[in-house]
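Residue numbers (our numbering), protein chains in the order written: chain S, 41 to 302; chain B, 41 to 302; chain G, 41 to 302. Just so it is clear, CB atoms sit at the ideal spot from N, CA and C, and this is done for glycine as well. See below for the structure under consideration.
Structure (structure tokens):
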């Protein structure tokens, strides 16, 4: 049995208005039968960094051959290029503003969409509908990338802040907060390799003396630190909202120490 | 023509971030071609009771064979079991926290997902992605439940508050408010059988002297009581917001009287 | 290869509760394999005019044969008729309250759904689930419209405010605000034909001296006017929120002048 191709959608369009509907219409018109899978339409407006983190966590779970369409495009109609990135068996389609940074490692094809494709009368303000969706549908329908894209050498990379190693410790920061108020940091499980003793966490004016294993591993209302489902350290509160309770958010410094540290 | 299997999704993940996207990826990878139908991702976080009410009203409309995946899981990674419930021609997949209470009447198969399935390296914090979605996809793809589940005798049931009969009257409560501010009670049409005379409703400091038939059955701004589309008594305001206007909400006592009552 | 029929969904149901899920269930039960494409579920409650604007911008992008189901229905259960409109190769299904005004030009079939269809025991409060979804599914499955509908002569048309021409100028108004705070007016590109000199815009206490081409065509925080992707004049702020910054919204008067005007 032949399965329909899949296009995922990641935008900052929100859920009001006609923008997402227009995208779906274009995709279904140009690639009949395509399976459309929303990742999110609620990226913070104009935040390619946030979008790139979401893509890095959702896209790898899709089957090979999936087309990932991402439209977070503060520079629409300006000089930024529309690009196509082939990486790890996927296609990524969107503006050249760093959205696809997490997938550049592993990329084996970089293209810009040819000027004037699919036609020279595109709107200046809605390239999602008029350029990116047609390109994603074209690739999903099995079209040849060389027809719509010309190879390029490089695309924009975002700086994703990396944690810093210290004497028996690591200093990182909060990257974002999820729906439950869990605070996700840029500190990965592997960044803690070699730390000795029980691990403690400091953030804002709070100390968390140990790492938990699950969100349930403590009394209701207790704050905790644990490794989340993508391997990154999270701050959480049992059945509560860590962002609200700890009074910290995006960008806040997070300090990890092994037990023997001063 | 052969139609794709259907998996419905009911979660408290909201519409930001990567969680729902990761679920869709896993489901499409493990059951190619599956039709994914969102019920809602906006269950109040950590509210299995609310989720069970939503499931009770949405699921019965789907075709037989549909797999209903529900992930509202405050106890993720803790001792609660991952379960599979076969009832009324459907499968229900999710944590054992009472989510499926409305479907236990009619259940003809209860299973827990075998420990270590689908692999022993699951994250402790995202069983939705790592255990429940794989199980739902497995069943949607026609897999044999005995391979992934072992029969169990019982699962958790939530206490759903029931109305109480009084002399020519009924006392119930508001269970939830919908998007329009309509207040849905636990009083079903059949709970009023045998009441005599014109029906009146009291809630908070308000009296509503009669039952309306539709939301349109009164002047704009008028408060009313009527039986909603699932047969339960609702309080509403014509083209307005009953929750706001009456100043009452979830848990508020609602009293029904036949006309002859004191 | 045969592609599944498409039904789009436009409602004011929001994303909580069971209403949208129940719709999907009915549609999938009555038209197995149908492709469901959300336009939006976030129309402002009870606003057929807003819904009609959204439909006018999203629906034309879908392939011919698509069924557009729209349920914004403050008069549910009252006297308004349930209607079926065939226009421009599409079917539109919903209440007769003006929702389909933008598609009456080009309509070649108007029907009301026969009383008592699909059965006489429909709820009085959820015709979306009990009448409109069954009708959309029936048409999507290739059913004969004469079986479920009887021809009618006319349906309700909404008054969509039109801009007014003045001496070397045009006066219109803001129709709605999008997710980014862009303010979309009722002034179309063609309404400005024949204006002489550089175009200036006045709204509230602000003057915008020229038209921009893209949202990016200015410094961050600068206010601008430009033609949006549907050809209508929009007020925007570079990477900002025009509604918030200019302090104006829906219904606000917008005045366009050619350079020679007093």
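- Under the three-state DSSP convention, the category residue 132(S) falls into: Along the first chain, one-based indexing puts residue 132(S) at 92. In the structure shown, residue 132(S) sits in a strand (DSSP, three-state: E or B).
- Message: Check whether the segment 191 to 202 of chain B and the segment 245 to 263 of chain B are in contact - that is, three or more C-beta pairs closer than 8 Å.
- Response: Verdict: no, contact absent.
- Rounded C-alpha distance that separates residue 116(G) from residue 168(G): For the purposes of this step, residue 116(G) is identified with residue 76 of the third chain, where counting begins at 1. For the purposes of this step, residue 168(G) is identified with residue 128 of the third chain, where counting begins at 1. Rounded to the nearest whole angstrom, the C-alpha separation of residue 116(G) and residue 168(G) is 9 Å.
- Query: Cβ of residue 238(S) within 8 Å of Cβ of residue 276(S)?
  - Reply: Within the first chain, numbered from 1, the residue matching residue 238(S) stands at position 198. Within the first chain, numbered from 1, the residue matching residue 276(S) stands at position 236. Cβ distance not < 8 Å, so residue 238(S) and residue 276(S) don't count as in contact.
- Closer than 8 Å, CB to CB, is residue 174(S) near chain G or not? Taking the first residue of the first chain as position 1, residue 174(S) is located at position 134. Using beta-carbon distances, residue 174(S) does not count as an interface residue toward chain G, since no partner is under 8 Å.
- Can you name the start and end residues of the alpha helix (DSSP H) that residue 88(S) belongs to? For the purposes of this step, residue 88(S) is taken as residue 48 along the first chain, with counting starting at 1. Judged by DSSP secondary structure, residue 88(S) falls within the alpha helix (DSSP H) whose first and last residues are 88 to 98.
- Item | Distance CB(residue 210(G))-CB(residue 201(G)) smaller than 8 Å | For the purposes of this step, residue 210(G) is identified with residue 170 of the third chain, where counting begins at 1. For the purposes of this step, residue 201(G) is identified with residue 161 of the third chain, where counting begins at 1. With contacts defined by Cβ atoms closer than 8 Å, residue 210(G) and residue 201(G) do not form a contacting pair.
- Item | Same chain, Cβ closer than 6 Å to residue 62(G), neighbours up to 5 away in sequence not counted | Position 22 of the third chain, counting from 1, holds the residue named residue 62(G). Excluding residues within five positions, the ones whose Cβ falls inside 6 Å are 169.
- Query: From 242(S), 171(S) and 163(S), pick the residue whose C-alpha is nearest to that of residue 286(S); which is it?
  - Reply: Taking the first chain and counting its residues from 1, one reaches residue 286(S) at position 246. It is 242(S).
- Query: beta strand (DSSP E) containing residue 265(S): first to last residue?
  - Reply: Here residue 265(S) refers to the residue found at position 225 of the first chain. For residue 265(S), the enclosing beta strand (DSSP E) has its first and last residue at 263 to 267.
- Going by the CB atoms, is the gap between residue 97(G) and residue 58(S) shorter than 8 Å? Here the question's residue 58(S) lines up with position 18 in the first chain. Here the question's residue 97(G) lines up with position 57 in the third chain. In this structure, residue 97(G) lies closer than 8 Å to residue 58(S) by Cβ.
- Hey, does residue 80(G) have any beta-carbon neighbour from chain S nearer than 8 Å? Here residue 80(G) refers to the residue found at position 40 of the third chain. Chain S, which has a Cβ nearer than 8 Å to the Cβ of residue 80(G), makes this yes.
- Message: Could you tell me which whole beta strand (DSSP E) segments of length 3 or greater appear in the segment 182 to 260 of chain S?
- Response: Runs of the beta strand (DSSP E) lying entirely within the segment 182 to 260 of chain S, each at least 3 residues long, are 189 to 191, 204 to 206, 209 to 217, 223 to 228, 240 to 243 and 246 to 248 in chain order.
- Query: If you draw a straight line from the alpha carbon of residue 282(B) to that of residue 223(B), how long is it in whole angstroms?
  - Reply: Within the second chain, the letter at position 242 stands for residue 282(B). Within the second chain, the letter at position 183 stands for residue 223(B). Straight-line spacing of the CA atoms in residue 282(B) and residue 223(B) works out to 7 Å.
- Message: Would residue 60(S) and residue 177(S) be called neighbours here (beta carbons separated by less than 8 Å)?
- Response: Here the question's residue 60(S) lines up with position 20 in the first chain. Here the question's residue 177(S) lines up with position 137 in the first chain. When the beta-carbon positions are compared, residue 60(S) and residue 177(S) stay at least 8 Å from each other.
- For residue 265(B), is the classification buried or exposed, using 16 other Cβ atoms within 10 angstroms of its Cβ as the cut-off for buried? As a working mapping, residue 265(B) is identified with position 225 in the second chain. Buried, since its Cβ has 16 or more Cβ neighbours within 10 Å.
- Item | DSSP-derived helix/strand/coil call for residue 285(G) | Counting from one through the third chain, the residue named residue 285(G) turns up at place 245. Helix.
- Message: Quick check on the burial criterion: 16 or more other C-beta atoms within 10 angstroms. Buried or exposed for residue 191(S)?
- Response: Position 151 of the first chain, counted from the first residue, corresponds to residue 191(S). A residue is called buried once 16 or more other Cβ atoms fall within 10 Å of its Cβ, and residue 191(S), having fewer, is exposed.
- Query: Can the beta-carbon of residue 296(B) be found closer than 8 Å to that of residue 232(B)?
  - Reply: If you number the second chain from 1, residue 296(B) lands on position 256. If you number the second chain from 1, residue 232(B) lands on position 192. Contact: yes.
- Query: Any idea what DSSP makes of residue 43(B), helix, strand or coil?
  - Reply: Your numbering for residue 43(B) matches position 3 in the second chain. If DSSP states are grouped into helix, strand and coil, residue 43(B) belongs with coil.
- Message: Quick check on the DSSP output: the alpha helix (DSSP H) that includes residue 63(G) runs from which residue to which?
- Response: On the third chain, position 23 is the one that residue 63(G) refers to. From DSSP, the alpha helix (DSSP H) with residue 63(G) extends over 59 to 70.
- Query: Going along the chain, which residues of its own chain have a beta-carbon closer than 8 Å to the beta-carbon of residue 44(G), five neighbours each way excluded?
  - Reply: On the third chain, position 4 is the one that residue 44(G) refers to. The beta carbon of residue 44(G) sits closer than 8 Å to the beta carbons of 73, 74 and 75 from its chain, once the five residues preceding and following it are set aside; these are given in chain order.
- What residues from chain G crowd round residue 255(B), counting only those whose CB sits closer than 7 Å? If you number the second chain from 1, residue 255(B) lands on position 215. By Cβ distance, chain G contributes 116, 117 and 165.
- With DSSP run on the structure shown, which of helix, strand or coil describes residue 167(G)? Taking the third chain and counting its residues from 1, one reaches residue 167(G) at position 127. Collapsing the DSSP output to three states places residue 167(G) in a helix.
- Bridge-paired residues (DSSP) for residue 272(S): Here the question's residue 272(S) lines up with position 232 in the first chain. Secondary-structure assignment with DSSP links residue 272(S) through a beta bridge to 228(S).
- Query: At a cut of 8 Å, does the segment 130 to 141 of chain S reach the segment 157 to 166 of chain S through at least three beta carbon pairs?
  - Reply: Judged by Cβ distances under 8 Å, the segment 130 to 141 of chain S makes no contact with the segment 157 to 166 of chain S, as fewer than three pairs qualify.
- Which bits of chain G does residue 56(S) rub up against, with CB to CB less than 7 Å? As a working note, residue 56(S) is residue 16 in the first chain. Taking the beta carbon of residue 56(S) as reference, the chain G residues within 7 Å of it are 80, 82 and 219, listed in sequence order.
- Applying a beta-carbon distance threshold of less than 9 Å, which residues of chain S neighbour residue 263(G)? Residue 263(G) sits at position 223 when you count from the first residue of the third chain. Under the 9 Å cutoff, chain S gives no residues; its nearest Cβ is about 16 Å from residue 263(G).
- Query: DSSP state of residue 81(G), grouped into three classes?
  - Reply: One-based indexing of the third chain puts residue 81(G) at position 41. Residue 81(G) falls in the coil class under three-state DSSP.
- Query: Which residue or residues does DSSP assign as beta-bridge partners of residue 127(B)?
  - Reply: On the second chain, position 87 is the one that residue 127(B) refers to. Residue 127(B) has 130(B) and 147(B) as its beta-bridge partners, per DSSP.
- Provide the residue(s) that pair with residue 112(G) in DSSP beta bridges, ordered along the chain. Walking along the third chain from the start, residue 112(G) turns up at place 72. Note: residue 112(G) is not bridge-paired with any residue in the DSSP secondary-structure output.
- Proximal residues of chain S, C-beta to C-beta of residue 48(G) below 9 Å: Within the third chain, residue 48(G) is the residue found at index 8, counting from 1. Under a criterion of Cβ atoms nearer than 9 Å, the residues of chain S adjacent to residue 48(G) are, in order, 61, 64 and 65.
- List the residues of chain G that residue 279(B) touches, going by C-beta distances under 8 Å, in chain order. Within the second chain, residue 279(B) is the residue found at index 239, counting from 1. Residues of chain G whose Cβ lies closer than 8 Å to the Cβ of residue 279(B) are, in chain order, 86 and 114.
- Task: For residue 48(G), write down the residues that DSSP places opposite it in a beta bridge.
- Result: To locate residue 48(G), count along the third chain from 1; it is residue 8. Paired residues: 77(G) and 108(G).
- Can you name, in chain order, every residue of its own chain whose Cβ lies under 6 Å from the Cβ of residue 99(G), other than the five neighbours on each side? Looking up residue 99(G) in the third chain gives position 59. Non-local beta-carbon contacts of residue 99(G) in its own chain, meaning distances under 6 Å to residues more than five positions away in sequence, involve 108 in chain order.
- Message: For chain B, check one thing: does any of its Cβ atoms lie closer than 8 Å to the Cβ of residue 179(G)?
- Response: Translated into positions along the third chain, residue 179(G) becomes position 139. Output row for residue 179(G): interface = no.
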